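These notes concern the structure reproduced below.
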Amino acid sequence: MSHQVTIQPSGHQFTVQSGETLLSAALNAGFALPYGCRNGACGACKGKVLEGRVDYGVFQQGALTEEDKRQGLALFCCAKAESDLSIEVKEVGAAKDIPIKTLPCRVEKLEKLAGDVMAVWLKLPSNERLQFLPGQYIDFLLKDGRRRSFSLANAPEADSLLELHIRHVPGGHFTEHVFNTMKAKDIMRISGPHGSFFLRESDKPALFLAGGTGFAPIKSILAHAFHQQTDRQMVLYWGARDLASLYQPQVPGDWQREQGNFSFIPVLDAGQPGWPGRTGRVHEAVLADFADLSGWQVYACGAPVMVAAARQAFTARGLPEGEFYSDSFDFQSPAAGA
Ligand SMILES: Cc1cc2nc3c(=O)[nH]c(=O)nc-3n(C[C@H](O)[C@H](O)[C@H](O)COP(=O)(O)OP(=O)(O)OC[C@H]3O[C@@H](n4cnc5c(N)ncnc54)[C@H](O)[C@@H]3O)c2cc1C
Ligand code: FES
Numbered sequence: 023m024s025h026q027v028t029i030q031p032s033g034h035q036f037t038v039q040s041g042e043t044l045l046s047a048a049l050n051a052g053f054a055l056p057y058g059c060r061n062g063a064c065g066a067c068k069g070k071v072l073e074g075r076v077d078y079g080v081f082q083q084g085a086l087t088e089e090d091k092r093q094g095l096a097l098f099c100c101a102k103a104e105s106d107l108s109i110e111v112k113e114v115g116a117a118k119d120i121p122i123k124t125l126p127c128r129v130e131k132l133e134k135l136a137g138d139v140m141a142v143w144l145k146l147p148s149n150e151r152l153q154f155l156p157g158q159y160i161d162f163l164l165k166d167g168r169r170r171s172f173s174l175a176n177a178p179e180a181d182s183l184l185e186l187h188i189r190h191v192p193g194g195h196f197t198e199h200v201f202n203t204m205k206a207k208d209i210m211r212i213s214g215p216h217g218s219f220f221l222r223e224s225d226k227p228a229l230f231l232a233g234g235t236g237f238a239p240i241k242s243i244l245a246h247a248f249h250q251q252t253d254r255q256m257v258l259y260w261g262a263r264d265l266a267s268l269y270q271p272q273v274p275g276d277w278q279r280e281q282g283n284f285s286f287i288p289v290l291d292a293g294q295p296g297w298p299g300r301t302g303r304v305h306e307a308v309l310a311d312f313a314d315l316s317g318w319q320v321y322a323c324g325a326p327v328m329v330a331a332a333r334q335a336f337t338a339r340g341l342p343e344g345e346f347y348s349d350s351f352d353f354q355s356p357a358a359g360a
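Numbering (the working numbering), first residue to last: 23 to 360.
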């Protein structure tokens, strides 16, 4: 049995199946309701039931009091619909709507994706979830007070583990540790989500430009967009030093086969035997394909020099300055604790 839920004031509607929580049905339908623990403990998902009946589910008393219930409030991470509903809650529309948390986490798994790229999966405590917009990043808070930033590569709907793609910086304080001594079960502290690199609503086609591990936040953005069955035209240019550094080609390769509105153009720095594809600097491959970028949105992520070159060259090809969104993988400055 299913019920129809209307969110006020947006008027958005979604269907919830029996046994499913209102939060998970809303997220599955692509509506970003606020949440924290997803476990009835923090109160971040609290909202008002304007019409209809809910089963409040299992939660901690401090998160939803009897007085809250009298006022019509419920925790949407636990509540289930018993009739069609009208609920009142402010949807997350921008990064500023999401609280930044400091959380402990455990290294669940490490996997070398290429000679200099390590995938690291982090597990949060069982009563915690990290809400984020696809494209945002977290900071590791190191014991000596330094912070190191890494983009989230998983989509928010697949958040049981946080996935990071970490490039080895030879001699780097933190990434040397990741490649040489970090191991499963290590405990770390993170803060997040941070950043404003996320997909803006628009009818325009979107061009993604990734350099190396700049693929990480773009993977999150695209996985989420396809989960929401976007019909926007999207194209990804992913530049890497060599074939081995193109560390998860099957991910965009599969999307290209499955999604009629997506194409993937890998670009290697230089030709190598058996490589039939594009070579050269990744943003120059875009310039070779597009005489006019005035009707596009661009999302660029990777080394600062690549991002700067792309911004300059793409705006010269007609891209409005305000339609260039980027995350530049800058290094932490001494002021930030390097
Ligand atoms: C918002 C944001 C998101 C990021 N996301 C990612 C990500 O998803 N994946 C990823 O691999 N990296 C990402 N980075 C870059 C990453 O944070 C740095 O590479 C990392 O902090 C290096 O830490 P370290 O302690 O090993 O190096 P440090 O000890 O800080 O640096 C050692 C030396 O290497 C230089 N250096 C440091 N980082 C780099 C670099 N990236 N390239 C070239 N030289 C460098 C420094 O100037 C210094 O000379 C991101 C950066 C930012 C700002
Ligand atoms: S109580 Fe924490 S998300 Fe619902």
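All residues carry an ideal CB built from backbone N, CA and C; glycine is no exception. Since we're looking at a predicted model, the values are computed, not measured.
Within the same chain, and ignoring the five residues on either side of S224 in sequence, the residues whose Cβ sits closer than 6 Å to its Cβ are Q319.
Selection S105, G137, D352 evaluated against Q26 yields S105 as nearest (Cα-Cα).
Bridge pairing for F36: V27 [DSSP]. Taking non-hydrogen atoms of ligand 2 into account, the C-beta of N61 is found less than 7 Å away from one of them. Around the beta carbon of N202, fewer than 16 other beta carbons sit within 10 angstroms, so the residue counts as exposed. The shortest CA-to-CA distance from H34 to any of A54, M23, S40, E42 is the one to A54.
Looking at the DSSP output, L184 bridges to L144.
Each of G236, R211, F36 was checked against the Cα of F219, and the nearest Cα belongs to G236. Assignment of alpha helix (DSSP H) within the segment 302-342, counting only whole runs of 4 or more residues, yields 304-311, 326-338 in chain order. The Cβ atoms of K70 and L95 sit closer than 8 Å to each other.
Contact annotation, H305 with A325: C-beta distance approximately 11 Å; criterion of less than 8 Å not satisfied. Taking the Cα of E130 as reference, the smallest distance to any Cα among I209, S242, D349 is reached at I209.
DSSP places F53 outside both helix and strand once states are collapsed to three, so it counts as coil.
Within the model, the alpha-carbon separation for L132 versus L144 is close to 9 Å. As the crow flies, the alpha-carbon of E89 is around 14 Å from that of G65.
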